[in-house]
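K.L.:
Submitted below is the structure of interest, expressed as structure tokens.
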Amino acid sequence: MLVHDTTATGRSQAEVDQIRQSLRSRYDELTAEYDQAVMQSQVLRLVEVGDTAGDDQADSGTKTAERDTAQSLLRTILDRRAQFEHALTRLDEGTYGFCEGCTAPIPVERLEIFPSATSCVACKQTRERRAA
Numbered sequence: 001m002l003v004h005d006t007t008a009t010g011r012s013q014a015e016v017d018q019i020r021q022s023l024r025s026r027y028d029e030l031t032a033e034y035d036q037a038v039m040q041s042q043v044l045r046l047v048e049v050g051d052t053a054g055d056d057q058a059d060s061g062t063k064t065a066e067r068d069t070a071q072s073l074l075r076t077i078l079d080r081r082a083q084f085e086h087a088l089t090r091l092d093e094g095t096y097g098f099c100e101g102c103t104a105p106i107p108v109e110r111l112e113i114f115p116s117a118t119s120c121v122a123c124k125q126t127r128e129r130r131a132a
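Heads up, the final residue of the sequence shown is numbered 132 in full-length UniProt numbering, and it's a clean run with no missing numbers.
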């Protein structure tokens, strides 16, 4: 359970350890996912290099689309992993579970669904409206 204590004393050490373990576990999963995606991307490139004879424009387009998809996946995984790394840093600093915008506590339900959240729902919605 990813819970924060809003009292002046802060979180118990057991709670911090539990949160850290959960964040670290997800970070490690994303690292393994990234490593696997890199291997698959390399295999795709090797197959592509050895299989270009007789390619027409459609074949080239398909291969380009596959490369772009693989690169997009790698970037997405790295971004998500960076979010968990940031969450671990915030946990060490004692700011995990509090909005970076307004410093209000982030609801426990939000942290359970999105453990690397850095903003409360209100601040997130405000940012999204401004971006649109």
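All C-beta atoms, glycine included, are put in the ideal place defined by N, C-alpha and C. Just so it is clear, the structure is predicted and the values come from calculations on it, not from any experiment.
Cα separation between residue 116 and residue 71?
P.N.:
23 Å
K.L.:
CB residue 31 to CB residue 75, shorter than 8 Å?
P.N.:
no
K.L.:
At which residues does the alpha helix (DSSP H) containing residue 128 begin and terminate?
P.N.:
121-131
K.L.:
In its own chain, which residues sit with a C-beta less than 8 Å from the C-beta of residue 107, not counting the 5 before and 5 after it?
P.N.:
120 and 121
K.L.:
State buried or exposed for residue 118, treating a residue as buried only when at least 16 other CB atoms are found within 10 Å of its CB.
P.N.:
buried
K.L.:
Do residue 34 and residue 88 count as a contact pair if the criterion is CB distance below 8 Å?
P.N.:
In terms of Cβ geometry, residue 88 and residue 34 do not form a close pair [threshold 8 Å].
K.L.:
Any idea if residue 46 is buried or exposed, counting beta-carbon neighbours within 10 angstroms, 16 or more meaning buried?
P.N.:
exposed
K.L.:
Look at the alpha carbon of residue 42 and the alpha carbon of residue 66, and state the distance between them as a whole number of angstroms.
P.N.:
Approximately 12 Å, taken between the alpha carbons.
K.L.:
Just to confirm my understanding: we take residue 83, look at its own chain, exclude 5 residues before and 5 after, and list those with CB closer than 6 Å. What are they?
P.N.:
116
K.L.:
Rounded C-beta distance between residue 23 and residue 78? I'm assuming under 8 Å.
P.N.:
That belief does not hold up - the Cβ atoms of residue 23 and residue 78 are roughly 16 Å apart, past 8 Å.
K.L.:
I'd like to confirm the pairing. Which residues does DSSP put opposite residue 98 in its beta bridges?
P.N.:
105
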